[in-house]
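Enquirer:
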Amino acid sequence: MRFFDPRSDDPESALTFDKMPPDEFKRRREILGLSRKQMASVLGVSTETVYSWEHGRRNITNPTAILMRRLHVCCECHHVCDDCEAMPPYGYVCEGCRHRFFERRFTRETTDSQL
Ligand SMILES: [Zn+2]
Ligand SMILES: [Zn+2]
1117 MRFFDPRSDD
1127 PESALTFDKM
1137 PPDEFKRRRE
1147 ILGLSRKQMA
1157 SVLGVSTETV
1167 YSWEHGRRNI
1177 TNPTAILMRR
1187 LHVCCECHHV
1197 CDDCEAMPPY
1207 GYVCEGCRHR
1217 FFERRFTRET
1227 TDSQL
């Protein structure tokens, strides 16, 4: 199973899977607050590859597309990771940060109501 290997770029998966439009890739990278170089290192590809994807010179196929849609910035630890869960209206929180997240919200709300 090489579903989450972003380096895979074989033509067969390009036919089988959906593609991500270049502007969606760029928008997601900017939301993550990563430079092209940082994005490349997260995905395990070269900066040139990221550049080619954003300029439509190379198709963004799965598993890169899947991974890009899973990546979020945790509102607790501010790291980019792929196991975050949406916690509206705060954003996304990691599994490992969830305890701290709830503790902090609870403490803040208690303090606010006492003011
Ligand atoms: Zn976190
Ligand atoms: Zn996370």
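Offset between the sequence shown (1-based) and the numbering used here: plus 1116.
All C-beta atoms in this analysis are idealised placements derived from N, C-alpha and C, irrespective of residue type, glycine included.
#1: Taking 9 Å as the cut-off, decide whether the C-beta atoms of Arg-1152 and Glu-1140 are in contact.
#2: Between Pro-1204 and Cys-1191, what straight-line distance do the alpha-carbon atoms span, to the nearest angstrom?
#3: In terms of residues, what are the limits of the beta strand (DSSP E) holding Glu-1116?
#4: Any contact of the segment 1193-1200 with the segment 1209-1225, i.e. 3+ C-beta pairs under 8 Å?
#5: Decide if Tyr-1206 is buried, meaning its Cβ has at least 16 other Cβ atoms within 10 Å, or exposed.
Expert: If we stick to the structure as given:
#1: Taking the first residue of the sequence shown as 1, we reach residue 1152 at position 36. Taking the first residue of the sequence shown as 1, we reach residue 1140 at position 24. No, they are not a contact pair.
#2: Translated into positions along the sequence shown, residue 1204 becomes position 88. Translated into positions along the sequence shown, residue 1191 becomes position 75. Rounded to whole angstroms, the gap between the alpha carbons of Pro-1204 and Cys-1191 is 11 Å.
#3: Since the first residue shown for the chain is 1117 and the last is 1231, residue 1116 is missing from the structure and cannot be characterised.
#4: Segments in contact, yes.
#5: Sequence index remark: in the sequence shown, residue 1206 carries index 90 (1-based). Counting the other Cβ atoms within 10 Å of the Cβ of Tyr-1206 gives fewer than 16, which makes it exposed.
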